[in-house]
Amino acid sequence: MSRLILNNSKKATVLLKYNNERHSKNCFQCLRMSTRHHMQSVGFVGLGNMGSRMATNLLKKGHKLVVYDVFPEAMVPFKEAGATICTSPGDVVMRSSCVITMLPSNAHVLQVYQGEGGILESVKRGTLLIDSSTVDPSIAKAVAAGADKQGALFFDAPVSGGIMAAASAKLTFIVGGNSAEFAAVQELLQVMGSRAVLCGPVGSGQAAKICNNMLLGVSMIGTAEAMNLGIRLGLDPKKLMDVINSCSGRCWSSDVYNPVPGTLENIPSANKYQGGFASRLMAKDLSLAQDAANHSQSPIPLGALAHQLYRIMVLSGWADKDFSSVYEYIKEEDK
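Here the numbering used here is used: the first residue of the sequence shown is 819, the next is one more, and so on.
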C-alpha cells in the first residue's frame, strides 16, 4: 500500500510539473501571438533621456502605454499623450502584459524589480519583462531567476545608439535570454530600434554591452586627444574631422558624435554638452567593465585608464555633462 501511495505521489508531482510547464509555455505562446498585433498594454519604467524617447515611439506605433518614473514631472507629457500613469513599478506590471525598464544602475534595477512595491512582487504568470538598463550581468541573472519563479519571462536588452537613435527608433538592442522565446521580444523591440541581436542566455546582452561601452569610452578619449592635438597644430577642426573619417582613424566618436563644438549639428557638443549620455553614466559603465575584467582576470589597460579619467571628471564637476565633454576637460586640464 505504501509503495502504491508513493508511486501515485510521484505521478502527481510529475503531472503537476508538466501542467505548470505547459501553462507557462502556453502563456508565452499567447504573448508571441499578441506581439503580432498591438499588446493590450506595454508598461515602461524609467523615463529619462533614453527611456522617454523609447516610450514615445511605442505610443507613436499605437501601443497602449502604462508608465512610471520616480520623478512625477517626467510622466506629465505621457499623461497628456494618453498614457496611463502609475504610482509604482508594481502598479505598472499589474496593468501590463509586458514591462520594459530603462534605469541608471544596478541598485535602481534591483529596487524596481525586487524592492517593496516592485515588479516581481506583483508580476503575473506569462508576463514579458525586458530590462534595457546597462548593469552587471549578475544583476540580470538574479532578476531573471526571480521572474522565473513567478512564471514570467525575462530578457536583458541594453541598447546602443544614444539619444538620437532612441528618438528615431534606430537603437540596436543587445539581448540575452531564452532563444526559443526570442520572437516574443524581437517584434516589440523593433518598434523602438532597427536591430535586435540575441547574444546568448540571460546576462549575455549585458556582457556584450559592457564590452561595447568600454570601447566607446576609450575611442571617445582617443578622438578628443587627436582633435585637440590637430587643432593646436593649426588644423581646421572640420578639415581634420574629414581626414579622420576618410581614413583608418574613423570611428563612431569621430564620425557621428564628434566631441569638438562646431564640427557637427544636433549632438551634445553643439549644445554645450547638454543631454546625451552623462559622464557619470560612462564612469558607471567603465566601472562595470573593470569589475568584469577583475572577475574574469582579463587585462584592460586602456579601459582602466578611461575609467580613471571619467571618475576624475565626475568628481571635478563634469558628472552631468555628456561624455564627449572629455574634449573640453582635456583642454582645460592642460591650461
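Beta carbons: idealized from backbone N, C-alpha and C, even for Gly.
Since the model is a prediction, treat every value here as computed from it, not as a measurement.
Can you name the residues that DSSP bridges to V941?
-> Translated into the one-based positions of the sequence shown, residue 941 becomes position 123. By DSSP's assignment, V941 forms no beta bridge with any residue.
Outcome for V1036 when other beta-carbon atoms lying within 10 angstroms are tallied against a minimum of 16 | By one-based count along the sequence shown, residue 1036 stands at place 218. The residue in question, V1036, is buried, as its Cβ has 16 or more Cβ neighbours within 10 Å.
Is the beta carbon of Q1024 sitting closer than 9 Å to the one on P955?
-> Taking the sequence shown and counting its residues from 1, the one referred to as residue 1024 is at position 206. Taking the sequence shown and counting its residues from 1, the one referred to as residue 955 is at position 137. Between Q1024 and P955, the C-beta gap is smaller than 9 Å, which places the two residues in contact.
Flag this pair as touching only if the segment 989 to 997 and the segment 1013 to 1024 have three or more C-beta atom pairs under 8 Å; answer yes or no.
-> Yes: the two stretches touch, three or more of their Cβ pairs being nearer than 8 Å.
Please go through the segment 937 to 994 and give each complete alpha helix (DSSP H) segment of 4 or more residues, from N-terminal end onward.
-> Those alpha helix (DSSP H) runs which fall completely within the segment 937 to 994 and span 4+ residues are 937 to 940, 955 to 967, 980 to 985.
When DSSP builds the beta bridges, which residues end up paired with F862?
-> For this step, residue 862 is matched to residue 44 along the sequence shown. Partner residues in the beta bridge of F862, as assigned by DSSP, are V885, I918.
For S1097, which residues of its own chain have a beta-carbon under 8 Å away from its beta-carbon, when the five flanking residues on both sides are left out?
-> For the purposes of this step, residue 1097 is taken as the residue at position 279 of the sequence shown. Same-chain partners within the cutoff: Y1128, M1131, V1132, W1136, A1137, D1138, K1139, D1140, F1141, S1143, V1144.
How big is the Cα-Cα spacing for R871 and G1094?
-> As a first step, residue 871 is located in the sequence shown; it is residue number 53 there, counting from the start. As a first step, residue 1094 is located in the sequence shown; it is residue number 276 there, counting from the start. Those two C-alpha atoms are separated by around 12 Å.
Touch check for the segment 932 to 943 and the segment 904 to 911: three-plus C-beta pairs under 8 Å?
-> The answer is yes - the segment 904 to 911 touches the segment 932 to 943, with three or more Cβ pairs under 8 Å.
Drop a sphere of 10 angstroms on the beta-carbon of N1046, count the other beta-carbons inside from all chains shown, and report buried for 16 or more, exposed for fewer.
-> Here residue 1046 refers to the residue found at position 228 when the sequence shown is read from its first residue. Classification for N1046: buried.
T902 bridges to which residues according to DSSP?
-> Locating residue 902 in the sequence shown gives position 84, where the first residue counts as 1. T902 pairs with V884.
Would A963 be called buried (16 or more neighbouring beta carbons within 10 Å of its own) or exposed?
-> In the sequence shown, residue 963 corresponds to position 145, counting from 1. By the Cβ-count criterion, A963 is exposed, with fewer than 16 other Cβ atoms from all chains shown falling within 10 Å of its own Cβ.
Got a sec, what are the start and stop residues for the beta strand (DSSP E) A1002 sits in?
-> Your numbering for residue 1002 matches position 184 in the sequence shown. In this chain, A1002 is not harboured by any beta strand (DSSP E); it is covered by the alpha helix (DSSP H) spanning 1001 to 1010.
CA-to-CA distance, Q1115 to A1026, given in whole angstroms = For the purposes of this step, residue 1026 is taken as the residue at position 208 of the sequence shown. For the purposes of this step, residue 1115 is taken as the residue at position 297 of the sequence shown. Q1115 has its alpha-carbon roughly 17 Å from the corresponding atom of A1026.
Following the continuous alpha helix (DSSP H) through C1029, name the residue where it begins and the one where it ends.
-> Here residue 1029 corresponds to residue number 211 of the sequence shown, with the count starting at 1. Unbroken alpha helix (DSSP H) run through C1029: 1022 to 1050.
Determine which residues share a DSSP beta bridge with V1015 and list them.
-> One-based indexing of the sequence shown puts residue 1015 at position 197. In DSSP, V1015 forms a bridge with I992.
Who does D1140 pair with in a DSSP beta bridge?
-> By 1-based counting over the sequence shown, the position of residue 1140 is 322. Beta-bridge pairing links D1140 to A1096.
Cutoff 8 Å; reference V885; Cβ partners in own chain excluding five residues on either side | Locating residue 885 in the sequence shown gives position 67, counting from the first residue. Result list for V885: G861, F862, V863, L865, A873, M893, F896, A901, T902, I903, C904, V910, in chain order.
Of the listed residues G1067, P1086, C1065, nearest to L1075 (C-alpha basis) = Counting from 1 along the sequence shown, the entry for residue 1075 is found at position 257. Residue 1075 is actually Tyr in this sequence, not Leu. Looking at the Cα atoms, P1086 is the closest of the given residues.
My guess is that A925 and I1028 are in contact by the Cβ rule of under 8 Å, so how many angstroms apart are they, rounded?
-> Here residue 925 refers to the residue found at position 107 of the sequence shown. Here residue 1028 refers to the residue found at position 210 of the sequence shown. Wrong, their Cβ atoms sit about 17 Å apart, outside the cutoff.
Among R1068, L1123, G1048, which one has its Cα closest to the Cα of K1149?
-> Along the sequence shown, read from residue 1 onward, the residue named residue 1149 stands at position 331. K1149 has its Cα closest to that of G1048, out of R1068, L1123, G1048.
Report the residue from D1054, W1070, V1020, L921 whose alpha carbon sits nearest the alpha carbon of N1030.
-> Your numbering for residue 1030 matches position 212 in the sequence shown. Among D1054, W1070, V1020, L921, the Cα nearest to that of N1030 belongs to W1070.
With respect to the alpha helix (DSSP H) encompassing K1056, which residues constitute its N-terminal and C-terminal limits?
-> Mapped onto the sequence shown, residue 1056 falls at position 238. That run of the alpha helix (DSSP H) goes 1055 to 1064.
Among the residues of its own chain, which have a CB less than 6 Å from the CB of G1021, if the five just before and after it don't count?
-> As a working mapping, residue 1021 is identified with position 203 in the sequence shown. Within the same chain, G1021 has close Cβ partners P955, A958, K959, G994.
Assuming N1063 contacts D1054 under a Cβ cut-off of 8 Å, what Cβ separation, rounded to an integer in Å, is found between them?
-> Locating residue 1063 in the sequence shown gives position 245, where the first residue counts as 1. Locating residue 1054 in the sequence shown gives position 236, where the first residue counts as 1. The distance from the Cβ of N1063 to that of D1054 is about 14 Å, inconsistent with a contact at the 8 Å cut-off.
Let me know if C916 comes out buried or exposed under the rule of 16 or more other beta-carbons within 10 Å of its beta-carbon.
-> For this step, residue 916 is matched to residue 98 along the sequence shown. With a threshold of 16 other beta carbon atoms within 10 Å, C916 meets it and is buried.
By DSSP, does Y1147 sit in helix, in strand, or in coil?
-> In the sequence shown, counting from the first residue as 1, residue 1147 sits at position 329. Three-state result, Y1147: helix.
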